[in-house]
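**Q**
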Amino acid sequence: MGMVTYICDEIGPPKVDGEDLRTSIEKLCRLPLGDVLYLRVDWKDIQKEPGILEFPEHWHITFEMAKKYKKRVAFRIQLMSPVIEGHSVPDFLVDKIPFVELGTTDEIGIRGKVHYAPRYDHPEFMKAFKELDDLLSEKYNGHQLVEYVDTYMYGFWGEGHTWPFEGNPFPDYETAEKTSIALFQHQAKNWTKTPLTTNTQPDYSHVGNSEVLDRTIRSYNWLRTDTIFIETSQIDALSNRPPWIGATIEQGLATGDKNKETNFEGIAKNENIIAHIKDVSPNYFSLWNWHIISAENFLSYYTINPKPLDDLAASIGYRVRPSWIWFFENEGYPGLVLGLVNDGLAAVPGALRLSLSNADKSVFVEGSLDPGYPLPGKVRQALFQLPKNTSWEGLRLYAHIEVKGVRHPVSWACHQKVENDGALILKKNL
Numbered sequence: 019m020g021m022v023t024y025i026c027d028e029i030g031p032p033k034v035d036g037e038d039l040r041t042s043i044e045k046l047c048r049l050p051l052g053d054v055l056y057l058r059v060d061w062k063d064i065q066k067e068p069g070i071l072e073f074p075e076h077w078h079i080t081f082e083m084a085k086k087y088k089k090r091v092a093f094r095i096q097l098m099s100p101v102i103e104g105h106s107v108p109d110f111l112v113d114k115i116p117f118v119e120l121g122t123t124d125e126i127g128i129r130g131k132v133h134y135a136p137r138y139d140h141p142e143f144m145k146a147f148k149e150l151d152d153l154l155s156e157k158y159n160g161h162q163l164v165e166y167v168d169t170y171m172y173g174f175w176g177e178g179h180t181w182p183f184e185g186n187p188f189p190d191y192e193t194a195e196k197t198s199i200a201l202f203q204h205q206a207k208n209w210t211k212t213p214l215t216t217n218t219q220p221d222y223s224h225v226g227n228s229e230v231l232d233r234t235i236r237s238y239n240w241l242r243t244d245t246i247f248i249e250t251s252q253i254d255a256l257s258n259r260p261p262w263i264g265a266t267i268e269q270g271l272a273t274g275d276k277n278k279e280t281n282f283e284g285i286a287k288n289e290n291i292i293a294h295i296k297d298v299s300p301n302y303f304s305l306w307n308w309h310i311i312s313a314e315n316f317l318s319y320y321t322i323n324p325k326p327l328d329d330l331a332a333s334i335g336y337r338v339r340p341s342w343i344w345f346f347e348n349e350g351y352p353g354l355v356l357g358l359v360n361d362g363l364a365a366v367p368g369a370l371r372l373s374l375s376n377a378d379k380s381v382f383v384e385g386s387l388d389p390g391y392p393l394p395g396k397v398r399q400a401l402f403q404l405p406k407n408t409s410w411e412g413l414r415l416y417a418h419i420e421v422k423g424v425r426h427p428v429s430w431a432c433h434q435k436v437e438n439d440g441a442l443i444l445k446k447n448l
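Per this note's numbering, the very first residue in the sequence shown carries number 19; after that it's consecutive.
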């Protein structure tokens, strides 16, 4: 969970005059507010020929910096983009598949560009797509540095639409929906350990987005949105998701000189964005200057007014602590009841696992809460039955979150100082 520093978006990595790429990326990676580093690249950026993935320089630098600065990485591979010349698919595939002309528009993308959509349902496209995902998941499924992966679906940026163009390149709705499902199901099959995040885009292009969203949630994968303002259905999907489903929110921030006051009660643009972000209980939020990525552009706002983002960073996601510790004894067997609370904005996007042990591990008991719990603003109790003659004070309490069968350590969000290994030493607090 946390704040997501964008290293590159659909137009590429930072381009700062007089600065090499490595320096620009490292400046972004070492921003203390960011927890996750985000990459968005086109398919052709990572694959030039069948059977082999060749990642660009900024991809390698980002993973290197993630390890150096103890951060994690999330990414998306775009199958189609309106903001680049030509196609997003690799050159080796272009002549093997049909494309359908959508037209030109000044609403998005390059002015005057004639936009084409590939026939995603074509056997050669599906064959190459499945190979791409097989290769990617073989390398990154369960990777220690990878936080989540955006699903790469139909349409512009892989978001499930080709707005503002009407219709889609498929012969009928059934074919469109079956193709979208096939794209998602192959990714769901491959990414068994790393969460996938699917865009909550409404089905403007009639390609079966609602079915894909339903399958995303039912397979314990997560949601994302690329706007906090536009569509009511996106806000509904995010706000009413099951508590164990994570959500990441993308919304570009204005630079310091562009963050002018709006006509709503004098609230500036970025502060208005941040206020709305909190209302949908996110696990992640983007630190992103749309199409002008650089540490300097981000800091031009943050150094002037750090409080809104600092406050969001302190509460985003889940923040779990034991508020009550009750001791009891039954027929000579001691026990503990923990009253767990969550000070964060979001529920736990998985199952919280708790374990109790003494210093030499001769006492060890563990268990799991229901997925999603404890919910924000509520108390969830957990009971531990201990071996006879166990002194509970001084026991070490650990927390992990289990997501798709993989356990990750959780830092306690409490006033009491925790140990170097993450343990909370139990003592009377009432």
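Ideal Cβ positions, reconstructed from N, Cα and C, are used throughout, including at glycine.
(1) On the premise that Ile-267 lies in contact with Phe-303, defined as a C-beta separation below 8 Å, what is that separation, rounded to the nearest angstrom?
(2) For the beta strand (DSSP E) that Ala-364 lies in, which residues bound it at each end?
(3) Between Ile-115 and the rest of its own chain, which residues show a CB-CB distance below 7 Å, the 5 nearest in sequence each way excluded?
(4) With distance defined between alpha-carbon atoms, name the residue in Ile-291, Thr-41, Glu-283 nearest to Ile-79.
(5) From which residue to which residue does the alpha helix (DSSP H) around Gln-403 run?
(6) Compare the C-alpha of Phe-188 against each of Asp-151, Phe-202, Gly-173, Pro-182 and name the closest.
(7) Hey, which unbroken runs of the beta strand (DSSP E) at 3 residues or more fall wholly within the region 146-197?
(8) Can you say whether His-76 is buried or exposed, counting buried as having 16 or more other CB atoms within 10 angstroms of its CB?
(9) What span of residues does the alpha helix (DSSP H) with Phe-110 cover, start to end?
(10) DSSP three-state call for Leu-330: helix, strand or coil?
(11) For Asp-151, collect the residues of the same chain with a Cβ closer than 7 Å to its Cβ; drop the 5 residues on either side in sequence, then sort them by chain order.
(12) Leaving out five residues before and five after Val-107 in sequence, what residues of the same chain have Cβ atoms less than 7 Å from its Cβ?
(13) Please report the residue range of the beta strand (DSSP E) in which Asp-60 lies.
(14) Beta-carbon within less than 8 Å of Lys-157's beta-carbon, same chain only, minus the 5 sequence neighbours each way: which residues are those?
(15) Going by CA-CA distance only, name the one from Pro-261, Asp-254, Asn-288, Asn-258 that's closest to Gln-269.
(16) With DSSP as the reference, label Trp-308 as helix, strand or coil.
(17) In three-state DSSP terms, what is Asp-232?
(18) To the nearest angstrom, how far is it from the Cα of Phe-282 to the Cα of Ile-322?
(19) Note down, in chain order, each residue of its chain lying with its Cβ closer than 6 Å to the Cβ of His-179, except the 5 sequence neighbours on either side.
(20) Quick check: what's the CA-CA separation for Gly-412 versus Ala-364?
(21) At a cut of 8 Å, does the region 332-341 reach the region 428-442 through at least three beta carbon pairs?
(22) If you draw a straight line from the alpha carbon of Ser-373 to that of Pro-260, how long is it in whole angstroms?
(23) Mapping the DSSP letters down to three states, classify Glu-119 as helix, strand or coil.
(24) Quick one: give me the first and last residue of the beta strand (DSSP E) that Ser-251 is part of.
**A** In short:
(1) 5 Å
(2) Here Ala-364 belongs to no beta strand (DSSP E), and DSSP marks it neither H nor E.
(3) Here the set comprises Pro-136, Arg-137, His-140, Glu-142, Phe-143.
(4) Thr-41
(5) Where Gln-403 is concerned, there is no enclosing alpha helix (DSSP H), although the beta strand (DSSP E) it sits in stretches over 397-403.
(6) Gly-173
(7) Secondary structure in the region 146-197: the beta strand (DSSP E) runs of 3 residues or longer, each lying completely within the stretch, are 164-168 in chain order.
(8) So His-76 counts as buried.
(9) 109-112
(10) helix
(11) His-204, Gln-205, Asn-208
(12) Trp-61, Lys-62, Leu-97, Pro-136
(13) 54-60
(14) Leu-71
(15) Asn-288
(16) coil
(17) helix
(18) Just so you know, the alpha carbons of Phe-282 and Ile-322 end up roughly 21 Å apart.
(19) Gly-173, Gln-219, Tyr-222, Ser-223
(20) 30 Å
(21) Contact holds: three or more Cβ-Cβ distances are below 8 Å.
(22) Cα-Cα distance, rounded: 25 Å.
(23) strand
(24) No beta strand (DSSP E) holds Ser-251; the alpha helix (DSSP H) holding it covers 250-257.
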